[in-house]
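A.B. asks: One line per chain: the protein sequences are A and B, in this order. Counting from 1, one number per residue, gives the positions in the first sequence under my numbering. Counting from 308, one number per residue, gives the positions in the second sequence under my numbering.
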Amino acid sequence: MDLSTRGPGHPYEIAAMSIGADETTAARPGRWVTVWRQPNFLLGAILTALLVVIAAVSLVWTPYAVDAIAVVDRLQSPSAAHWLGTDLFGRDVLSRLMVGARNSIVVGVVAVGIGLVFGVFLGAVAAARGGWIDEIIMRGSDVVFAFPAIISALLITALIGPGAVNAIIAIGIFNVPVFARVTRGAARQVWAFEYTRAGLAIGKGPFAVTRDHVLPNVASVLIVQATIAFAIAILAEATLAYLGLGTQPPAPSWGRMLFEAQTLMTIEPRLAIFPGVAIVLAVLGLNLLGDGLRDALDPRLRDWRAE
Amino acid sequence: MNKLILGAAAAAVIALAQAVPDTALAQSKNSLTLGVTLEPPHLDPTAGAAAAIDEIVYANVFEGLTRIDQNGAVQPQLATEWSVSADGLVYTFKLRPNVRFHDGTALDASDVVFSLDRARGPDSVNAQKPLFAAIDKVEAPDPRTVRITLSRPEGSLLFNLGWGDAVIVGPESADTNKSKPVGSGPFKFDRWVKGDRIELSALDSGAALQKVTFRIIPDPSAQVAALKAGDIDAIPNLNAPEAVLAFQADANFVVAIGSTEGETILSTNNSKPPLNDVRVRRAIAHAIDRKAIIDGAMFGFGTPIGSHFAPHHPAYVDLTATYPYDPAKARALLKEAGAENLKLTLKLPPPIYARRGGEIVAAQLKDVGIDAEIIPVEWAQWLEQVFRGNDFDLTIVSHTEPQDIGIYARDKFYFNYDSPRMKATMKTLNETSDPAKRAQLLGTAQRIIAEDAVNGYLFQLAKLGVWRKGVKGLWRNSPVQANDVTGVRWE
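1. Residues of chain A with a CB under 8 Å from the CB of A553 (chain B): which are they?
2. Decide if L200 (chain A) is buried, meaning its Cβ has at least 16 other Cβ atoms within 10 Å, or exposed.
3. Quick one: give me the first and last residue of the alpha helix (DSSP H) that R597 (chain B) is part of.
4. Let's test the definition: count the other Cβ atoms within 10 Å of the Cβ of Q382 (chain B) and tell me whether it reaches 16, buried, or not, exposed.
5. Give a yes or no on whether the C-beta atoms belonging to N467 (chain B) and N784 (chain B) are separated by under 8 Å.
6. Determine the chain A residues that contact E691 (chain B) at a beta-carbon separation under 9 Å, and present them in chain order.
7. Identify the contact partners of P634 (chain B) in chain A, using a Cβ-Cβ distance below 8 Å as the criterion.
8. Can you name the residues of chain A whose CB is closer than 8 Å to the CB of E666 (chain B)?
9. Could you say which of B:V406, B:S512, B:G502 and B:L396 lies nearest to L457 (chain B) if we only look at CA atoms?
10. Can you name the residues of chain B whose CB is closer than 9 Å to the CB of T157 (chain A)?
11. Can we say the stretch 690-702 of chain B touches the stretch 568-582 of chain B, given the rule of at least three CB pairs closer than 8 Å?
12. Measure the C-alpha to C-alpha separation of V99 (chain A) and E346 (chain B) and round it to an integer number of angstroms.
13. Would you call the CB atoms of H615 (chain B) and Y721 (chain B) closer than 8 Å?
14. Give the single residue among B:D503, B:L765 and B:P631 whose Cα lies nearest to the Cα of Y660 (chain B).
15. Between D415 (chain B) and P450 (chain B), is the Cβ-Cβ spacing less than 8 Å?
16. So for S422 (chain B), helix, strand or coil by DSSP?
17. Suppose only complete runs of 4+ residues qualify. What are the alpha helix (DSSP H) ranges in the stretch 178-255 of chain A, listed by chain order?
18. With D698 (chain B) as the anchor, note down where its alpha helix (DSSP H) starts and where it stops.
19. Can at least three beta-carbon pairs, one atom from the stretch 630-640 of chain B and one from the stretch 587-603 of chain B, be found at a separation below 8 Å?
20. Tell me which residues of the stretch 225-245 of chain A have at least one Cβ-Cβ distance to chain B shorter than 9 Å, keeping chain order.
21. Taking DSSP as the reference, what is the three-state secondary structure of K673 (chain B)?
22. How long is the line joining the alpha carbons of Q555 (chain B) and I363 (chain B), rounded to whole angstroms?
23. Kindly indicate the opening and closing residues of the alpha helix (DSSP H) around T48 (chain A).
24. Of the residues A:I46, A:V107 and A:T62, which one's Cα is nearest the Cα of A229 (chain A)?
25. Shorter than 8 Å from the beta carbon of Q262 (chain A) to some beta carbon of chain B?
26. Should R74 (chain A) be flagged as near chain B, meaning a C-beta pair shorter than 8 Å?
27. Alpha carbon to alpha carbon, what distance is there between Y365 (chain B) and Q384 (chain B)?
28. For A679 (chain B), count the other beta carbons within 10 Å of its own beta carbon; 16 or more makes it buried, fewer makes it exposed. Which is it?
29. How many Å lie between I171 (chain A) and A153 (chain A) at the Cα?
30. Flag P275 (chain A) as yes when its Cβ comes closer than 7 Å to any non-hydrogen atom of the ligand SAM, and as no otherwise.
31. Can you give me the C-alpha to C-alpha distance between T330 (chain B) and A515 (chain B), rounded to a whole angstrom?
32. Please tell me whether G603 (chain B) has its Cβ less than 8 Å away from any Cβ of chain A.
33. Using CA atoms only, rank isn't needed, just tell me which of B:G355, B:V391, B:D361 and B:E798 is closest to I505 (chain B).
34. Residue range of the beta strand (DSSP E) that L771 (chain B) falls in?
35. Would R717 (chain B) and L640 (chain B) qualify as a contact pair, given that the criterion is a beta-carbon distance under 8 Å?
36. For a test of the three-state rule: what should DSSP assign to S417 (chain B), helix, strand or coil?
The following block contains the structure:
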């Protein structure tokens, strides 16, 4: 990502770097040191790492088979055999939470991936071409953006039917205008600098300039946005599953676990508490991580905060 | 237990905070507020299959020639007495004198002719037209006499005429009953606040109940809270079995676990290979552990059944041991039928018995090598895809119509069972009116469909009634879809 590793360094590029406008060349190592000292970022990183590790472990091992129904063992309190107890059908809650974490990560990665690929492409095109292409892309994304995440996901699953894959698509589609806007906004700032003009002047096309100068410079903004979008995607998937539109039974999902616990609240509140806490921790972790990354990668915001 | 106390405390706080006027009303002891789960689509029982319609108007607003009481027995209603000709083909009913509809018009024999002709006519939108299939003609020799002539003997005619679908309506009000029901029952319709409540009031100023309100509360947790807060006096049928547990320890409430006519079955598409192979269906029957389903999905509320027949009926035969739970045998049968690694769909409508029961059934089927993919559907989709569209392998549904084993003799009914032996048995049954012979034939019918493993027979749906102490006369069982409040009083 560091531009200094790309090519010999054209004189104009060097000039641009020297005025500090080219974000990618800023003194990053120092920032990272600062950021690791922040307890929020540290906590966010630890929670996110935990989420990933649990999901990875669930690929090879869970205490019990995730859909093994044993009605005689239903609604057991936490014990040595079942650390977080069992649910209505006697399934191990811990096993289901672990696989639910994996489910959340898959949803997050794919939905953010869809947003990144299409959104960044559209945003970069809009910024590079300007004019009516910009207008069309941005007004189109305004329309999609006008609906809150959950509403658009509801609309899309109503059209294409419920299911885990469709939920991912729905959340991904919501992410497209988000990333398109962020990319366009940041990219237009980069396009305002002389070094991009210089790139054009020496005969690079808009595509090459976007690839060589614009995208590396907006990458930090996108990373921050991706972290936040990841958290939103996990929350949206849980909401859709809770409403019966996301992951379908018997596959475990945190949102579905909440739904199943709903009528059991008076007799077994822990069935709602555990998946609820899992969602809170995952979303909190990703948000703290995103905040920390923003501090590290966005110098203006950091300076502003420092004041 | 602490949780229960906490919950009760919270409910008490809610009660103090918001329910003072309602409590005051309840203390006057001549009004009753019932909580119901589903809002009816409209209020005309002769123009819709929805149980939610009958649950408001049956016996309360509309009356039929006969009525079904809470034990499932036929009682006189508009007809005070009747006689049957020796060949069982002519029924003569004597009507109650001086009956008026709520709009003031008189109810006489011509209204009965109108109602029954309308229900069985070619333009009829009645959801239960087969009830009237045996009727050849309906006549009114005088204003208080109705004569029904049958084309063939129909042993269950008096029962059929007691259904909500067979109530007597007036020609003046028949077309507007959907929004403004006009019947001849002891309660008249006052108003319907959509999504919230339906209000009835008594015609007789001396009646024990002057005002009856049905509050529509779909969410089980909200039902529990409303009952504890005193917003409602009774829930005739709680939507979530776990909610019952919150009331069983509470001395202020009466919990009445009764029976319904709901045979809850794993309905199977009998015409779709390999489900058309009786060995595959028997394998499914052996794979099912009824106790696990009743405990896991219904908190133990429900009676296992081995055929399509209600255990509380006198002609019931216990056939639960026909195909006992035996996964090894199920696997062997599937192997014999060449249906190993079978992949099926399992469509589940919204009720808890289906959604929860379906997850357990799917796990039990997986255990014998059948991969049943769960597809949750809404009722509209279920009716369209499963009931009318024949697009399913398996589904779970509770058949709540009373004594409906006859559906196994219908042509092209949605599970596509076609058995000449069953059809012949039901035909003989229809032509028989001797109770002992009828019971014997009903037993034969139960055995035929059990042996053919037409559907997976799971359990008889329980009726989970909860009401405030002091409410007397609500039905414990529900032999027909009804919340009959005509005999309810406070003590």
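Ideal placement from N, C-alpha and C gives every residue a C-beta, glycine not left out.
C.D. replies: Based on what the coordinates show:
1. T266 and I267
2. exposed
3. R597 to M605
4. exposed
5. no
6. None at all; the shortest Cβ gap to chain A is about 14 Å.
7. Result: empty, since nearest Cβ-Cβ is about 13 Å, beyond 8 Å.
8. I69, F89, P249 and P250
9. B:L396
10. Residues of chain B passing the Cβ test: none, with the nearest at roughly 12 Å.
11. yes
12. 38 Å
13. no
14. B:L765
15. yes
16. helix
17. 194-201, 206-209 and 215-242
18. Premise fails: D698 (chain B) is in no alpha helix (DSSP H) and is neither H nor E.
19. yes
20. G244
21. helix
22. 26 Å
23. P39 to V60
24. A:V107
25. yes
26. yes
27. 12 Å
28. buried
29. 6 Å
30. Absence of the ligand SAM from the depicted structure is noted, as is the absence of any ligand whatsoever, leaving it without description.
31. Residue confidence for T330 (chain B) is low, a pLDDT of 46 falling below 50, so the modelled location carries little weight; the figure read from the coordinates is stated next. Approximately 18 Å between the Cα atoms of the pair.
32. yes
33. B:D361
34. G763 to R775
35. no
36. helix
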